[in-house]
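*Asks:*
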Amino acid sequence: MIGKKLGQRDVVVLDSIPMLIICIALVFGLYLSCITGIASNNAMRYMIQIFLFITLGEMWNLLSGFAGMTSLGQQLYIGLAGYSVAVMTTKFHMGLGAGLAVGVLVSTIVALLLSLILFKMQGMYFSISTWVVAEAFATLFLSWKFVEQGSGMTIRVVPYPRIGEICILSLMICVVAMITVYCLLRTKVGLGLTAMRDDITAASAVGVNVFSHKLIVYLIAAVFTTLAGGIFFINKGIIYPENGFGISWTVSMIFIVTIGGTGTVGGPIVGAVIYVFLQEILARYPGWSNIILGIITILVILFLPTGIMGTLQKKLRFEIFSSKRFSFAKHK
Amino acid sequence: MGNILEFQDISAGYGRIQILNDLSFTVKEGQVFGVIGPNGSGKTTMFNALLGLIKPSSGRILFDSIDITRTPSNVRCKMGLGRTFQVPKPFENMSLYENVLVAAVHGASNNERFGRELALGILKQTGLYEKRELTAGKLTLLDRKRLEIARALGTAPKLLLLDEVAAGLTDAEVKDIMKLVADLKAAGHSIIWIEHIIETMIGSTDALMCMAEGKCIMVGDPQEVISSEEVQRLYLGVDDNE
Chain A
7 MIGKKLGQRD
17 VVVLDSIPML
27 IICIALVFGL
37 YLSCITGIAS
47 NNAMRYMIQI
57 FLFITLGEMW
67 NLLSGFAGMT
77 SLGQQLYIGL
87 AGYSVAVMTT
97 KFHMGLGAGL
107 AVGVLVSTIV
117 ALLLSLILFK
127 MQGMYFSIST
137 WVVAEAFATL
147 FLSWKFVEQG
157 SGMTIRVVPY
167 PRIGEICILS
177 LMICVVAMIT
187 VYCLLRTKVG
197 LGLTAMRDDI
207 TAASAVGVNV
217 FSHKLIVYLI
227 AAVFTTLAGG
237 IFFINKGIIY
247 PENGFGISWT
257 VSMIFIVTIG
267 GTGTVGGPIV
277 GAVIYVFLQE
287 ILARYPGWSN
297 IILGIITILV
307 ILFLPTGIMG
317 TLQKKLRFEI
327 FSSKRFSFAK
337 HK
Chain B
78 MGNILEFQDI
88 SAGYGRIQIL
98 NDLSFTVKEG
108 QVFGVIGPNG
118 SGKTTMFNAL
128 LGLIKPSSGR
138 ILFDSIDITR
148 TPSNVRCKMG
158 LGRTFQVPKP
168 FENMSLYENV
178 LVAAVHGASN
188 NERFGRELAL
198 GILKQTGLYE
208 KRELTAGKLT
218 LLDRKRLEIA
228 RALGTAPKLL
238 LLDEVAAGLT
248 DAEVKDIMKL
258 VADLKAAGHS
268 IIWIEHIIET
278 MIGSTDALMC
288 MAEGKCIMVG
298 DPQEVISSEE
308 VQRLYLGVDD
318 NE
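As they're listed, the protein sequences go chains A and B.
The opening residue of the first sequence carries number 7 in this note's numbering; numbering runs sequentially from there.
The opening residue of the second sequence carries number 78 in this note's numbering; numbering runs sequentially from there.
1. If you draw a straight line from the C-alpha of residue 294 (chain B) to the C-alpha of residue 303 (chain B), how long is it?
2. With distances taken between CB atoms, is the gap from residue 61 (chain A) to residue 239 (chain A) smaller than 9 Å?
3. For residue 271 (chain A), name the three-state secondary structure that DSSP assigns.
4. Within this structure, are the beta carbons of residue 161 (chain B) and residue 236 (chain B) separated by less than 9 Å?
5. Taking DSSP as the reference, what is the three-state secondary structure of residue 269 (chain B)?
6. Check the Cβ of residue 179 (chain B) against every Cβ in chain A and list those closer than 8 Å, keeping chain order.
7. If we define contact as Cβ-Cβ less than 9 Å, is residue 333 (chain A) a contact residue for chain B?
8. Please list the partners that residue 194 (chain A) has in chain B, where partner means a Cβ-to-Cβ separation under 8 Å.
9. Cα separation between residue 262 (chain A) and residue 190 (chain A)?
10. Based on DSSP bridge pairs, tell me the residues matched to residue 284 (chain B).
11. Would you mind working out which of A:276, A:18, A:265 sits nearest residue 301 (chain A), comparing C-alpha positions?
12. How many angstroms separate the CA atom of residue 104 (chain B) from the CA atom of residue 81 (chain B)?
13. Return the first residue and the last residue of the alpha helix (DSSP H) that residue 59 (chain A) is part of.
14. Does DSSP classify residue 215 (chain A) as helix, strand or coil?
15. Any Cβ of chain A within less than 9 Å of the Cβ of residue 356 (chain B)?
16. Which of the three DSSP states, helix, strand or coil, is assigned to residue 85 (chain B)?
17. For the pair the segment 37-51 of chain A and the segment 169-177 of chain A, tell me if three or more CB-CB distances fall below 8 Å.
18. For residue 258 (chain A), which beta-bridge partners are listed by DSSP?
19. Can you tell me which of the three DSSP states residue 9 (chain A) falls into?
20. Using a Cβ cut-off of 8 Å, pull out every chain A residue sitting near residue 174 (chain B), in sequence order please.
21. Would you say residue 125 (chain B) reaches chain A, if we count a Cβ-Cβ gap shorter than 9 Å as a contact?
22. For residue 164 (chain B) versus residue 281 (chain B), is the C-beta spacing smaller than 9 Å?
23. Determine the extent of the alpha helix (DSSP H) in which residue 143 (chain A) is found, giving its start and end residues.
24. Less than 9 Å between the beta carbons of residue 24 (chain B) and residue 173 (chain B), yes or no?
25. Nearest to residue 289 (chain B) by CA position, among B:116, B:91, B:83, B:275, is which residue?
26. Do you know how far the Cα of residue 88 (chain A) is from the Cα of residue 98 (chain A)?
27. In chain order, what residues of the same chain lie with their CB nearer than 7 Å to the CB of residue 186 (chain B), ignoring the 5 residues before and after it?
28. Counting contacts by CB-CB distance shorter than 9 Å, is residue 229 (chain B) in contact with chain A?
29. Under the DSSP definition of a beta bridge, which residues are partnered with residue 144 (chain B)?
30. Rounded to the nearest angstrom, how far is the Cβ of residue 76 (chain A) from that of residue 149 (chain A), given a contact under 8 Å?
31. In whole angstroms, what is the alpha-carbon distance linking residue 214 (chain A) and residue 127 (chain A)?
32. My output table needs one value for residue 81 (chain A): the three-state DSSP class, helix, strand or coil.
33. Using 9 Å as the limit for Cβ to Cβ distance, is residue 269 (chain A) near chain B?
34. Three Cβ pairs or more, each shorter than 8 Å: is that satisfied between the segment 270-285 of chain A and the segment 49-64 of chain A?
35. From A:170, A:50, A:55, pick the residue whose C-alpha is nearest to that of residue 278 (chain A); which is it?
36. If you draw a straight line from the alpha carbon of residue 151 (chain B) to that of residue 211 (chain A), how long is it in whole angstroms?
Structural data, given as structure tokens:
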């Protein structure tokens, strides 16, 4: 019996070569359906949303689920991304790629500077501070002549990318984000993050450098949130301070991660798919959508506190995209 | 053998409330140094000062002849101070092996391959080897306490701080922990052990310190300390105990 040879074990990790092949096939299939036009424009509209929200969810999950930094200010990086793309294309007549690159650069610098201040705070104080900073940026952009103040900016490039191209771009970002998260969790830093997820005080007591781990996660989250936000506004074509720096971005990230499963890599995928379809259905009942989302979140927290993916993994004792380490030798 | 730890006239507390008053004592290398004292006598505060969680207002702490009074707590862990928590704090969703691996990789600055060997060795040493793939959240209290010790050992400490690892256990389980501590001492670890159970302290320690009101009342041979009049009065008397 395997159990006897390997000692008792609680969890089966599904990550394996066949699983990798399925993932690659899935991504390739999605890519083909975008490039050949098999997927209708409407389908691609959904897909863009799902890919981008998976990326945003994964990043917020890294921050809050693993590193214990419940940021309410991730919209800051989305706004910076949107405005970077808009400014670079309209004011400097550059391409979208340059716009995204500038966005990433700006976000990285802002994230580094903010980390000096924000990391001195913990728990609720950290959360509130991140939100206040994002609001401050919103106010700044609302009164800044260079970015057209409150009337917003449009993104002008010729030729404007087709929806298929935007869809492929968001798929790519999503895949790279997933790979980054998975690889990060398999490193020494990932081991420390998994420990921080479970108990940050104990992690610190056994020598995990909490500050450097937080910084790494905060920077990675800033970069990918920027990329996803940039693509979102390329798809939308227009940005205002209110929708760029709005708290509703973070609200959707929280929803996605909570529903899907905090501290699991698979969770945000499930959460993002549910969120995008729910949003579409709820759009028919304006005014009720936030109430219904809120009720769903409360129900999930009450009855499935570890989210859909977390509960499934616990009940069925499996893990996917796992950061798990086993004591026995790996098969080569 | 040299001194692994020296407290020199340490005063410390929380805000304006001073708990430790000019506390001085020394722990020799390879010793099991027991600490007893009534509730509120400053035992855990002494650990917190030693770990850098609170800053002393005066005095010096020498660890392995190096002044660590102002050293940040994560650096102290890397220098070789391993601690257990009074209320066990396992990484609940990780296996026992992973719990110890975190300490072996981060606390002892190893890569994962070396950390693995170290972790497996410690799991054997602490009697958790058979259960190494179980999720830590499902453990019994005895195994949680063992895991606390295992994880502290993972950081390759020069000095191990045990904070009431036997509290709440049955008599048989206490014997298990005593045997584990004896094994660790035989393996050359220096240990400071806070505990309320007097028999445990007499049986397991090389030197015993009794604390009261943030001071060292008496330190020396465990049997002598326990039978001294002042310690008897502190523990059995009605004045100081709740």
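Glycine included, each C-beta is placed from N, C-alpha and C at the ideal position.
*Replies:* Quick answer:
1. 11 Å
2. no
3. coil
4. no
5. strand
6. 197, 198, 200, 201, 209, 212, 214
7. yes
8. 182, 183, 188, 189
9. 21 Å
10. B:110
11. A:265
12. 6 Å
13. 47-66
14. coil
15. Any question about residue 356 (chain B) goes unanswered here, given that chain B covers just 78 to 319.
16. strand
17. yes
18. According to DSSP, which records beta bridges pairwise, residue 258 (chain A) is partnered with nothing at all.
19. With a pLDDT of 41 at residue 9 (chain A), under the threshold of 50, the modelled position of that residue is not reliable, and no figure is offered here.
20. 331, 332, 333
21. no
22. no
23. 129-148
24. This structure gives no information on residue 24 (chain B), because the portion of chain B shown stretches from 78 to 319.
25. B:116
26. 15 Å
27. 155
28. yes
29. B:139
30. Not quite, the Cβ-Cβ distance comes to about 29 Å (not below 8 Å), so this is no contact.
31. 18 Å
32. helix
33. yes
34. yes
35. A:55
36. 7 Å
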